[in-house]
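Below is one structure, written out as C-alpha cells, with a few remarks after it.
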Amino acid sequence: MTEDLFRGDAYLQTCEARVVRIDDSGIVLDRTVFYPLAGGQAGDSGALQLADGREVTIADTRKAKDAEGQPTGEIVHLPAPDQAELIASLQPGDTVTARIDWTRRHKLMRFHTATHLLCHLVPQPVNGCSITPEYARLDFHMTEPLDKEALTAGLARLIDAAHPLVVGAITDAELDANPALVKSMSVQPPRGTGTVRTIRIGGEVEGEAQIDFQPCGGTHVANTSEIGAVVVTKIEKKSANSRRVVLGWAA
Ligand SMILES: [Zn+2]
Numbered sequence: 017m018t019e020d021l022f023r024g025d026a027y028l029q030t031c032e033a034r035v036v037r038i039d040d041s042g043i044v045l046d047r048t049v050f051y052p053l054a055g056g057q058a059g060d061s062g063a064l065q066l067a068d069g070r071e072v073t074i075a076d077t078r079k080a081k082d083a084e085g086q087p088t089g090e091i092v093h094l095p096a097p098d099q100a101e102l103i104a105s106l107q108p109g110d111t112v113t114a115r116i117d118w119t120r121r122h123k124l125m126r127f128h129t130a131t132h133l134l135c136h137l138v139p140q141p142v143n144g145c146s147i148t149p150e151y152a153r154l155d156f157h158m159t160e161p162l163d164k165e166a167l168t169a170g171l172a173r174l175i176d177a178a179h180p181l182v183v184g185a186i187t188d189a190e191l192d193a194n195p196a197l198v199k200s201m202s203v204q205p206p207r208g209t210g211t212v213r214t215i216r217i218g219g220e221v222e223g224e225a226q227i228d229f230q231p232c233g234g235t236h237v238a239n240t241s242e243i244g245a246v247v248v249t250k251i252e253k254k255s256a257n258s259r260r261v262v263l264g265w266a267a
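Count along the sequence shown from 1, then add 16; that gives the number in this note's numbering.
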C-alpha cells in the first residue's frame, strides 16, 4: 500500500520516500505525491531524486493492479524510456525525493475543478471524462443541444465568484442511499475503505446555494478563482444521446 499524500494535500509538490520495489512495471515507493491516472485525470510526471543528486525522470503514474485487474493500493511511477542505467543503481530501501511537475499538475487541478463546475451547468449524467494539461473533456448522456458561449459564460461566472472547495467524506452506506450523487456513469468512486472522498463546491456559507457535490478522488484547486480563464472550445455530438464538451485555456 502506497501512502497517497496528494489525497490530503493536493498542493504538495515533493516528499521524501523509500523505494519499496523496482520491476518492469516501474518504481513503487512507500509514500508519494504523484497522482496515478484515475477518474479521467492524467497521471503525474516529474522526477525521483536519488541521494547522490541524480534524477530518474518519471513519465507517468499508474495504480498497480493484480492479475485480476483489481487495484492493489500501490502506486507505480513509470520511468521515462531512457532511464534504465539510473534505475539499475536503485535498491529497495533507498531514500529518494519525489517531485512532481507542478506546472503540469496545477493545470490538471484547475481543469478538474472546472469539470465539476460544468457538472453544475449541465445537470446530466456523465459517461466519459478525460483531463489532460492541454484540454479537458466531459461526455454528457443527453440529447438536447448545448450552447458553447453560454457554457463559457457560466464557467466564468462560477470562477469569478471565488467559491471555496471542501474535501470531505461520506460512508459507503450514505452513498448507496444517495445514488444520484454519482454523476459519472463511466467512473465509479473508489470504495473499499468504508468511506468515499467527496468534493463540495459552494454551500458552506449560510444561505449560499451548493454548486456541486460529488464523490471524487482527484486533485483540485482550493478555490474556483484559481482556475483562471477557461473556454469551451468545442461541443460535439458524439452519438444520438451523447454530447461532448471540450474545455481549453483562454488564449
Ligand atoms: Zn472529479
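Ideal Cβ positions, reconstructed from N, Cα and C, are used throughout, including at glycine.
Assign residue i to buried or exposed, taking buried as 16 or more other Cβ atoms, counted over all protein chains shown, within 10 Å of its Cβ.
| i | result |
| --- | --- |
| A58 | buried |
| K81 | exposed |
| M17 | exposed |
| K250 | exposed |
| Q99 | buried |
| E150 | exposed |
| N194 | exposed |
| V221 | exposed |
Tell me where the alpha helix (DSSP H) around residue i begins and ends.
| i | result |
| --- | --- |
| G170 | 164-176 |
At what residues does the beta strand (DSSP E) containing residue i begin and finish?
| i | result |
| --- | --- |
| L181 | 181-187 |
Between the beta-carbon of residue i and the beta-carbon of residue j, is there less than 8 Å?
| i | j | result |
| --- | --- | --- |
| S241 | I175 | yes |
| T129 | L181 | yes |
| R213 | G233 | yes |
| T235 | A75 | no |
| H122 | G42 | no |
| G69 | R115 | no |
| Q226 | K199 | no |
| T30 | V49 | yes |
Tell me, which residues are paired with residue i by DSSP?
| i | result |
| --- | --- |
| L263 | A152, V248 |
| R23 | For R23, which the question treats as bridged, DSSP gives no partner whatsoever. |
| A72 | A small correction: the amino acid at residue 72 is Val; Ala does not occupy that position in the sequence shown. BP columns for V72 point to L64. |
| K79 | I91 |
| R213 | A185 |
*Whole beta strand (DSSP E) runs in the stretch 216-260 with 3 or more residues, listed along the chain?*
226-231, 246-255
*Give, in chain order, every unbroken run of the alpha helix (DSSP H) that is at least 4 residues long and sits entirely within the stretch 25-64.*
Runs found: none.
*Note down, one range per segment and in chain order, each beta strand (DSSP E) of at least 3 residues found wholly within the stretch 82-157.*
87-95, 111-116, 142-147, 152-157
*Any chance you could list the residues with Cβ under 5 Å from a heavy atom of ligand 3, keeping chain order?*
Ligands in the displayed structure: ligand 1; ligand 3 is not one of them.
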